[in-house]
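I have placed the structure first, in the form of structure tokens, so that the comments after it can refer back to it.
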Amino acid sequence: MRIFTSFMAVGLICMIASLIYDTTKFTPGHITSLFVVIGGLLGIFGFYDVLMDKFGYGLGLPITSFGNSLVKSAYEGFQECGFFGLFRGMYVSTSAGISGAIILSFITALIAKPKD
Amino acid sequence: MDKKEYNDLVTSKSKNPNILEDAFISFLAGGVLGAFYEILTCWYIEMFNLTDQIALGWSCLTFIAIAVILTGFAVFDDIVAKFKFGVIIPITGFAHSVASALIDYRRDGFITGLGANMFKLAGSVILFGSVSAFLFAIVKVIIYG
């Protein structure tokens, strides 16, 4: 059941992105940035986590969850060590994704041949 | 041809008119990836006895690794052309943008090529994600204390 709800939820998010792209002048870069901000907005009141509880882990996949994690970790950082924690904690839960993308991409770039 | 005609022509040529078809393909592709993500995360949790946060991190890394490897084999560009936002909005799009920037700028050398251009495309996501997250976290702190 949660597989189906994950399917619907992530599918809907991607569909909205596609509709925005086709009906406005936004580039994919605009839209991904927009979705990160929307994810962060939903993270303020913990709404994104509620959605994730309801619809399944699939919602961790779209870029919206990146924004949500940033806000959540920054807030957890604040609880841990005050104002400084906002800076210290922001990337705690997303750092695996960022460093993973950087390191794996670097290794790939060393091996792969660039297109001509 | 005056300016208005020209603009009309440009918009008619530059955007794909099949809005519904695009939306449906994105829906299907994104949905399938989301379903796989759910399955993979549940499998990680059961198989390795992980908490859901750690399992989500592993699933995220797995999808990133797949996207980066497919980009390395120059397959992912075709996938993006076919499934559009179904693969751009998921974390695979982020990984693809980093990997393709690194591969494309490799010829410019390690520092001025790789280092300087790594976040050429993904940078906006990190920049606006961070700035907005900082503001939103402050709002959250003001509300919840």
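Residue numbers (the working numbering), protein chains in the order written: chain A, 100 to 215; chain B, -8 to 136.
Backbone N, C-alpha and C fix where the C-beta goes; we use that ideal spot for every residue, glycine too.
The structure displayed is predicted, hence computed values, not measured ones.
Determine, using beta carbons only, whether residue i comes closer than 8 Å to chain A.
| i | result |
| --- | --- |
| Y28(B) | yes |
| I82(B) | yes |
| K(-5)(B) | no |
| A72(B) | no |
| T32(B) | yes |
Would you grab the beta carbon distance between residue i and residue j for me? Rounded to a whole angstrom, and I think it's under 8 Å.
| i | j | result |
| --- | --- | --- |
| I79(B) | T123(A) | Between T123(A) and I79(B) the Cβ distance is about 15 Å, and since that is not below 8 Å, they are no contact. |
| A137(B) | G77(B) | The structure shown has nothing for residue 137(B), since chain B only spans -8 to 136. |
| L105(B) | R97(B) | 6 Å |
| A128(B) | L203(A) | Going by Cβ atoms, the distance from A128(B) to L203(A) rounds to 29 Å, so no, they are not a contact pair. |
| V109(A) | G114(B) | Going by Cβ atoms, the distance from V109(A) to G114(B) rounds to 24 Å, so no, they are not a contact pair. |
Is it the case that the Cβ atoms of residue i and residue j are separated by a distance below 8 Å?
| i | j | result |
| --- | --- | --- |
| F54(B) | T83(B) | yes |
| M189(A) | A173(A) | yes |
| L47(B) | Y147(A) | no |
| S123(B) | G159(A) | no |
| E59(B) | T193(A) | As written in the sequence, residue 59(B) is Val, which differs from the Glu given in the question. Contact flag unset, no. |
Skipping 5 residues on each side, what residues in its chain have a beta carbon closer than 6 Å to that of residue i?
| i | result |
| --- | --- |
| P81(B) | L24 |
Between which two residues does the alpha helix (DSSP H) harbouring residue i extend?
| i | result |
| --- | --- |
| M100(A) | Element bounds for M100(A): n/a, residue is neither H nor E. |
| P161(A) | No alpha helix (DSSP H) contains P161(A), which DSSP labels as neither H nor E. |
| D95(B) | I82 to D95 |
| F119(B) | G114 to Y135 |
| F54(B) | D43 to G63 |
| L105(B) | Element bounds for L105(B): n/a, residue is neither H nor E. |
If I measure Cβ to Cβ from residue i and keep anything under 7 Å in the same chain, skipping five residues before and after, which residues do I get?
| i | result |
| --- | --- |
| L112(B) | S88 and A92 |
| K75(B) | D13, I16 and S17 |
Using a Cβ-Cβ distance cut-off of 8 Å, determine whether residue i contacts chain B.
| i | result |
| --- | --- |
| Y156(A) | yes |
| L150(A) | no |
| Y147(A) | no |
| C180(A) | no |
Cutting at 8 Å between CB atoms, please list the residues of its own chain near residue i, excluding the five before and the five after it.
| i | result |
| --- | --- |
| N167(A) | G138, G139, L141, G142, Y147 and D148 |
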